[in-house]
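Each protein sequence line maps, in turn, to chains A and B.
Numbering-wise, our numbering comes out as the position in the first sequence, counting from 1, plus 256.
Numbering-wise, our numbering comes out as the position in the second sequence, counting from 1, plus 499.
The next block holds one structure in the form of structure tokens; read it before the comments.
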Amino acid sequence: MSVFTDIAWGVWASSLFLLVLGVVLGSVAGRSAARFMEQRSSRHHTVMVRRLVFYVIVLLFAVAALREAGFSLDVVLGAAGILTVAIGFASQTSASNMISGLFLLVEKPFEIGDVIEADATIGEVIGIDMLSVKLRTPDNLYVRIPNETLIKTRVVNRSRFPIRRLDLTVGIAYAEDVARVEALLLKLAEKNPVCLEEPKPFVLVTAFGPSSVDLQFSFWVPKDKVLDGRSSMMVAIKQTLDRDGIEIPFPHTSIYAGSHSEPFRVQLLGPETTANKEPLDVDQDR
Amino acid sequence: MESQTEGLQDGVWAQPYTLASGQTQYHQLGQVRLWVTLLDQEWQLRSQTRAPETDPVTWTQGIGHTLPSSDVELQRFIRPGDSNVVTFIPGVASLPTVIRPFQPLTIPAGGRCVIYVGTVVWMKVCVGEAKTVLTEVPLGMPSLTWVGRNTMEGELCYSSSSFARLVLEAVPKRPWRAVTPVTIVNQRTEPLLLERFSLPTPLLSLHLNERGQLWTPGVTVVCETEMNSASLNVDQSLLAAAGPCQQVGPAREPVARGRLVRAFDRMFG
Chain A
257 MSVFTDIAWG
267 VWASSLFLLV
277 LGVVLGSVAG
287 RSAARFMEQR
297 SSRHHTVMVR
307 RLVFYVIVLL
317 FAVAALREAG
327 FSLDVVLGAA
337 GILTVAIGFA
347 SQTSASNMIS
357 GLFLLVEKPF
367 EIGDVIEADA
377 TIGEVIGIDM
387 LSVKLRTPDN
397 LYVRIPNETL
407 IKTRVVNRSR
417 FPIRRLDLTV
427 GIAYAEDVAR
437 VEALLLKLAE
447 KNPVCLEEPK
457 PFVLVTAFGP
467 SSVDLQFSFW
477 VPKDKVLDGR
487 SSMMVAIKQT
497 LDRDGIEIPF
507 PHTSIYAGSH
517 SEPFRVQLLG
527 PETTANKEPL
537 DVDQDR
Chain B
500 MESQTEGLQD
510 GVWAQPYTLA
520 SGQTQYHQLG
530 QVRLWVTLLD
540 QEWQLRSQTR
550 APETDPVTWT
560 QGIGHTLPSS
570 DVELQRFIRP
580 GDSNVVTFIP
590 GVASLPTVIR
600 PFQPLTIPAG
610 GRCVIYVGTV
620 VWMKVCVGEA
630 KTVLTEVPLG
640 MPSLTWVGRN
650 TMEGELCYSS
660 SSFARLVLEA
670 VPKRPWRAVT
680 PVTIVNQRTE
690 PLLLERFSLP
700 TPLLSLHLNE
710 RGQLWTPGVT
720 VVCETEMNSA
730 SLNVDQSLLA
740 AAGPCQQVGP
750 AREPVARGRL
760 VRAFDRMFG
């Protein structure tokens, strides 16, 4: 019983109270700061400031709580110093991710709300945290990528700039007039409301393929109209080329029966013929 | 819709129209056909964009009970209060509008000119005494373009081809186009070739004169040394030729210095 009575419950309770108060105050202050920043800054900076305010306040209250509990800060820091090597080895991955996270914040290759492609995953950045970056993919999956991976791998930011160029490959038959097709495609770009007038759309002949002359049709769209622009333009291309009788060749597959390439022999059997047909080998009595 | 062509009258901006429950008001202006229907609990809007080749010159409207075919897109809105009044307020484009004369215009060194530019307006459908905006309909098909030093820095704009008319009488006055007089002053020692320029339409307010024409305040662009350092000023008053006017649509954005400086950078692309 003396074990329990020896503990200074009052001191521990006040320390705990300080800690909880810190969390509550940090949370309230963080939210207030975020509300203040919302109208004045980007979502990315708002989240950063909210977290910074929260962690600073919680840290201050945690230090106060430690002092209240009777821990000397010098001793705690000294112990942390001694443990650094052990902790460093033990938490190598975490430390690496944290440092990578700092680099990501400083270098700022993307912000919250950007659509990025990293590690063969495309998604909208919904959080940049201490250890990882969280993405929401177009098919609504939650993907967590460690910060270290993002530092090492190639990251494509698909929404950094306000406009994007779409390159469509259009193959036409060798018999078709390339100049006429080019004019038709440029006319389509002119008509499409998603397609920008400047920078100008253009058409290039990129290859003489096995069965088609390959053209590259490039045009610019606002970054939020990429899917719409691609799909509506492809539909329009197909309709226009069909209407103007321009052939879009596609690979053909031929099936050959046997080495002599003879056609299959097809014979229609009536019910009476079927009844008189020979029994199958497996049904024959041997 | 043939039956609705009877009893059509000219439409007017900012004039309250009263509908009875079950009635439909039909509008035809610009490239748009619009049907506004009042029901007991809701407002219904149907709009259809016509081919850009059509070039109507008037705004006609009529009230009846005829609805278009079901393939016209329908929008439904809860009827705020029991008001049966609908008003149509014009609005300027939400993005700057790039004006590209069909034939480039050269302004000699030290010269100045006034060109009259017509830009497409948006129709805000407002209901009730409080003029609650239900939706906005563009009265022309605006195409998009990019104005900037490169594809990284710049601004998305609407595009408008223009004849860059220098005579006010030659400018066609349409109910769905607002006329802006743009004064360009070339204070440089070299001629200024005007191939295109960006008109900051969101900064302009809309005014209606007695003939039902829409006007915006004039814009003065002074080009002193370089194209990029051109200064822009939105006039306080309207052109005298517009006659007595009432303001019917406010500017979308307040004239702020920071906004203008950015606009100057991209004035001439």
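For every residue, glycine included, the Cβ atom is placed at its ideal position computed from N, Cα and C.
Keep in mind that this is a model prediction, so the values were computed, not measured.
Query: Using 8 Å as the threshold, is the C-beta distance between residue 615 of chain B and residue 676 of chain B below it?; Result: no
Query: Do you know how far the Cα of residue 637 of chain B is from the Cα of residue 590 of chain B?; Result: 9 Å
Query: Quick test of your reading: residue 457 of chain A and residue 468 of chain A, contact by CB under 8 Å. State the CB separation rounded to the nearest angstrom.; Result: With a Cβ gap of about 21 Å, residue 457 of chain A and residue 468 of chain A do not count as contacting.
Query: Tell me, which residues are paired with residue 840 of chain B by DSSP?; Result: Outside the shown range of chain B, which is 500 to 768, sits residue 840 of chain B, and nothing can be said about it.
Query: Below 8 Å CB to CB, which residues in the same chain sit around residue 277 of chain A once its five sequence neighbours on both sides are set aside?; Result: 317
Query: Closest to residue 635 of chain B by CA distance: which of B:571, B:650, B:592, B:514 is it?; Result: B:592
Query: Rounded to whole angstroms, what is the Cα-Cα separation between residue 729 of chain B and residue 689 of chain B?; Result: 14 Å
Query: In terms of alpha-carbon separation, which member of A:357, A:330, A:470, A:362 lies closest to residue 503 of chain A?; Result: A:470
Query: Taking just the CA atoms, how far does residue 419 of chain A sit from residue 557 of chain B?; Result: 37 Å
Query: At 7 Å on the CB atoms, spell out the chain A contacts of residue 658 of chain B, in chain order.; Result: 453
Query: Under a Cβ-count criterion, where at least 16 other Cβ atoms within 10 Å of its own Cβ denotes burial, should residue 353 of chain A be classed as buried or exposed?; Result: buried
Query: Write down every uninterrupted run of the alpha helix (DSSP H) in the segment 334–420 of chain A whose length is 4 residues or greater and which is fully enclosed by it, in chain order.; Result: 348–363, 403–408
Query: Please work out which residues of its chain come closer than 6 Å, Cβ to Cβ, to residue 501 of chain B, disregarding the five sequence neighbours upstream and downstream, and give them in chain order.; Result: Annotation note: pLDDT 41 at residue 501 of chain B (below 50); position unreliable, no value reported.
Query: For residue 693 of chain B, decide whether its Cβ has a neighbour in chain A, counting only Cβ atoms nearer than 8 Å.; Result: no
Query: How would you label residue 398 of chain A, buried or exposed, when you count the other beta carbons within 10 angstroms and need 16 or more for buried?; Result: exposed
Query: When the Cα atoms are used, what is the spatial distance from residue 452 of chain A to residue 626 of chain B?; Result: 35 Å
Query: Per DSSP, what are the beta-bridge partners of residue 511 of chain B in this structure?; Result: According to DSSP, which records beta bridges pairwise, residue 511 of chain B is partnered with nothing at all.
Query: In the segment 617–651 of chain B, which residues sit with their C-beta less than 8 Å from some C-beta in chain A, listed in chain order?; Result: 640, 641, 642, 643, 644, 645, 646, 650, 651
Query: Residue 655 of chain B CB to nearest chain A CB: under 8 Å?; Result: yes
Query: Could you check whether the Cβ of residue 760 of chain B sits closer than 8 Å to any Cβ belonging to chain A?; Result: Low local confidence applies: a pLDDT of 44 at residue 760 of chain B is under 50, so the model's placement there is unreliable, and no value is given.
Query: Pull out every residue of the segment 369–380 of chain A whose Cβ sits closer than 9 Å to any Cβ of chain B, in chain order.; Result: none
Query: Contact between the segment 331–350 of chain A and the segment 288–307 of chain A is defined here as three or more beta-carbon pairs at a separation below 8 Å; is this criterion met?; Result: no
Query: Since residue 449 of chain A meets chain B, which of its residues come closer than 8 Å, beta carbon to beta carbon?; Result: 640, 641, 642, 643
Query: According to DSSP, what are the bridge partners of residue 654 of chain B?; Result: B:646
Query: At 3 residues or longer, what runs of the beta strand (DSSP E) sit wholly inside the segment 673–706 of chain B?; Result: 676–685, 691–693, 696–698
Query: Taking residue 666 of chain B as the reference, which of B:622, B:650, B:711, B:613 has the closest Cα?; Result: B:613
Query: Go through the segment 549–627 of chain B residue by residue and report every complete run of the beta strand (DSSP E) that reaches 3 residues or more, in order.; Result: 559–563, 573–577, 584–590, 596–600, 604–606, 611–619, 621–626
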